[in-house]
Structure formats: C-alpha cells, structure tokens
Ligand SMILES: [Zn+2]
Ligand SMILES: [Zn+2]
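Residue numbers (the working numbering): -7 to 285.
Structural data, given as structure tokens:
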C-alpha cells in the first residue's frame, strides 16, 4: 500500500512569513498523510488553513478527516479556527485523544475559540466533530494501524505512527531527544559520537519509510535552549540511523532560521547520515513538498 504525504506547515513555535523563509515556509506544523482515500491530518498549526482550502477545492462532496494533535501548544492548534471544512455540516472530523479519561484535545480546541480569543465559538462549527480514542496506545482506521508514544516535551507531546501493508510513516514533533540519550556524557565531549536513543523509541520508528521529526536546533544553537522541548537535527539523524528508516524529514524549523540556515542544518545532517554509511535520505521539510511512499 502506498502513502501520500504533503507538508502544509513546517515551522516551529510561531509563524514566520517573509522573504527569508520563502522556500521552507513560515506556516506552523501541519502534515497531510493519505493511505488510499483515508485522510489523516497531523497537527493544526497555521498550515491547516491552506490544507482546508485545498480539500474544498478537491472535493465538493463531504470531507472526512482523522485529526491527530501532537500536543496543544499554539503552533499546533492555531490553524484550527481557520480550517474552513470545520464549518460545513456535510463534513466529518474525527479528533483523536490518547487518554480515554480525558477529552483534552477537544476541550482545548473549544478553549481557543472562546469569545475572548475568536469571534466564532466551537459550538457554532457546522461539521460533525467527534472524539475518538486510542486503546492501549493503538487504533485502526480503514486498515491503517496508528500507534502513539509519549515524548519528552514541556506538558508532554505524542508521536504517531501510521502503518498499512508494509508502508509506515512516523510523525514525531516537539520532542527533546537530547534529554534521552543513554550516552549523554560521551556525546557532550564528542559531538560526532552516535547519540544513543532509548530502545522503545527506536522500535517505535523502526523501518519507517518516512520519519518526520522535530529537528529545531543545530548543535551550536542547542546549548542555550536545553529544556525547551526540541531536538538537535544531528540527534534526529542518529535516531533515524538507529531506527533504520529510509527517509528522514527535518521538521519544526526554528523561527530564527532563514532558508539558508535551514539549508546548512540539512547539509550537516546529510553529512552525518553519509558517515553512518546507511541508505538514509535526509531532507528539510518544506511547505508544499509532496512525497509518494
Ligand atoms: Zn511546536
Ligand atoms: Zn510544543
């Protein structure tokens, strides 16, 4: 089974429109993943607005979308009130919750549309919006198995893997991998040492055709940002090498990184992957990029 992926927002933390970010884009996290006719949406950053418009242009019948939120920080939810398909009654949105005892995602989507923040309330949205729940970390939708894994991020976040008939896509943003290294001391002394990630994390991403991962910082930027919840791009490359994934998208670019800075970050990641001598392809996620897997 092949999968289709399109990046609608690749920026971390805050939208950064402007000349300097034209190529990789300034919209915050939003990725479209399709297996056949089944549409999955990862995160509702500002990129979600344009995805909504594209869905309407493609589809005059009803739209059905399965929506997964890594967590509820602004840069992952701000596009939701501007997601036009949410306003039409013929459309169906399934919003996934990891914890069965808490409809936290729905609650916070409601919250950001309170009248103090936004002119239209969640209750005024016309689409049929329902909560769906993971069961013991997994759920199946149209034959696609989706798994979730808690990550290290202030207030916590989740990674999701989507898998059907041998094709696997992993979405793992807002995760400070560097706090998890089993050989942190060695890595602090030697930046070129393989940064060893926990086995359960490596298993989660193992053999993915595509890993989309938070690679916000370079090795030079990170030391003054420890504890902010984001990973170094080179650590993501080592993660991808250990998980033996085929393609790795460096994602959630720092707002301070203009296109040339992202180019450098990607080039550094590619060199590191080449030194590992595997078959891993590393690239920078950019708005509008489409992949067939
Ligand atoms: Zn974020
Ligand atoms: Zn976050």
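The beta-carbon is built from N, C-alpha and C at its ideal position, and this holds for glycine as well. Bear in mind that the values here come from a model prediction, so they are computed numbers and not experimental data.
Neighbourhood of residue i by C-beta, 6 Å cutoff - its chain only, sequence neighbours within 5 removed
i	result
residue 186	230
residue -2	24 and 282
residue 88	60 and 124
residue 5	67 and 247
residue 158	none
residue 174	188
residue 273	239
residue 179	173, 185 and 187
residue 126	90 and 140
residue 58	32, 86 and 133
Rounded distance between the beta-carbons of residue j and residue i, thought under 8 Å
i	j	result
residue 169	residue 189	6 Å
residue 20	residue 41	With a Cβ gap of about 10 Å, residue 20 and residue 41 do not count as contacting.
residue 154	residue 205	No, residue 154 and residue 205 are not in contact; Cβ-Cβ is about 14 Å, not under 8 Å.
residue 45	residue 33	Going by Cβ atoms, the distance from residue 45 to residue 33 rounds to 14 Å, so no, they are not a contact pair.
residue 83	residue 54	5 Å
Residue i versus residue j: straight-line alpha-carbon distance, rounded
i	j	result
residue 199	residue 248	32 Å
residue 85	residue 267	44 Å
residue 115	residue 100	13 Å
residue 258	residue 81	43 Å
residue 12	residue 254	11 Å
residue 132	residue 56	16 Å
residue 172	residue 219	12 Å
residue 265	residue 177	22 Å
residue 111	residue 241	36 Å
residue 22	residue 181	36 Å
residue 245	residue 269	26 Å
residue 280	residue 7	16 Å
residue 119	residue 105	15 Å
residue 51	residue 27	17 Å
residue 256	residue 167	21 Å
residue 212	residue 65	25 Å
residue 134	residue -4	15 Å
residue 209	residue 223	6 Å
residue 260	residue 152	26 Å
residue 217	residue 263	24 Å
residue 214	residue 29	40 Å
residue 138	residue 113	30 Å
residue 221	residue 74	27 Å
residue 0	residue 191	31 Å
residue 107	residue 271	51 Å
residue 275	residue 31	24 Å
residue 228	residue 207	6 Å
residue 156	residue 136	5 Å
residue 163	residue 109	29 Å
Residue j beta carbon less than 8 Å from that of residue i
i	j	result
residue 285	residue 194	no
residue 90	residue 150	yes
residue 117	residue 79	yes
residue 129	residue 140	yes
residue 69	residue 36	yes
residue 165	residue 62	yes
residue 197	residue 235	yes
residue 10	residue 38	no
residue 15	residue 201	no
residue 203	residue 233	no
Cβ shell of residue i (< 7 Å), same chain only, five flanking positions each side left out
i	result
residue 76	44, 45 and 48
residue -6	159, 284 and 285
residue 142	148 and 150
residue 95	89 and 123
residue 278	-1, 2, 15, 16 and 17
residue 145	63, 166, 167, 168 and 221
Cβ shell of residue i (< 8 Å), same chain only, five flanking positions each side left out
i	result
residue 122	84, 85, 86 and 87
message = Give the residues whose C-beta lies closer than 5 Å to at least one heavy atom of ligand 2, in chain order.
response = Cβ atoms closer than 5 Å to ligand 2 belong to 65 and 166.
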